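K.L.:
In UniProt numbering, the protein residues as written are 1 to 117.
#1: Mapping DSSP to helix, strand and coil, what is residue 108?
#2: Can the beta-carbon of residue 8 be found closer than 8 Å to that of residue 59?
#3: Kindly indicate which three-state DSSP category residue 58 falls into: helix, strand or coil?
#4: Who are the near neighbours of residue 10 in its chain, counting only those whose CB is closer than 7 Å to its CB and skipping five residues on each side?
#5: In three-state DSSP terms, what is residue 68?
#6: Compare the C-alpha of residue 111 against each of 33, 45, 103 and 89 and name the closest.
#7: Can you tell me whether residue 41 is buried or exposed? The criterion is at least 16 other CB atoms within 10 Å of its CB, across all chains shown.
#8: Are any of the Cβ atoms in chain D nearer than 8 Å to that of residue 13?
#9: According to the Cβ coordinates, are residue 72 and residue 108 closer than 8 Å?
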């Protein structure tokens, strides 16, 4: 089930103009790459069937400077909301600094979309 949802999130990210969605963080993420990360599973009724699964969908933004990142993020928010609402309930979209994406070990700007399926 989680593998199918992970792929559905990647597909939804890819449906947004300019974003390439992946099932997992790519080895060398580039600006406008996106992927899901599993956050938690909350069982309903004591079993996994019908559990509420929370995900973060992450999208890397260009990192030249804060203005570049903001200008890149602004037009994406509504499109990401529309696309990911097809997969689950979008609870939050916020700007973040993403670790593990820069070969020099720097944090890079991104968007984090919290959704529950």
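Ideal placement from N, C-alpha and C gives every residue a C-beta, glycine not left out. Predicted model only: the values in this text are computed from it and were never measured.
P.N.:
By the coordinates alone:
#1: One-based indexing of the chain shown puts residue 108 at position 108. Residue 108: strand per DSSP, three-state reduction.
#2: Here residue 8 refers to the residue found at position 8 when the chain shown is read from its first residue. Here residue 59 refers to the residue found at position 59 when the chain shown is read from its first residue. For residue 8 and residue 59, no; Cβs fall outside 8 Å.
#3: In the chain shown, counting from the first residue as 1, residue 58 sits at position 58. Strand at residue 58.
#4: Within the chain shown, numbered from 1, the residue matching residue 10 stands at position 10. Taken in chain order, the residues that qualify are 21, 22, 23, 35 and 36.
#5: Here the question's residue 68 lines up with position 68 in the chain shown. Of the three classes helix, strand and coil, the one that applies to residue 68 here is helix, per DSSP.
#6: For the purposes of this step, residue 111 is taken as residue 111 along the chain shown, with counting starting at 1. Comparing Cα positions, the closest option is 33.
#7: Along the chain shown, one-based indexing puts residue 41 at 41. Burial call: exposed.
#8: Among the protein chains of the structure shown there is no chain D, as only one such chain exists.
#9: The residue given as residue 72 occupies position 72 in the chain shown. The residue given as residue 108 occupies position 108 in the chain shown. The answer is no: Cβ separation not under 8 Å.
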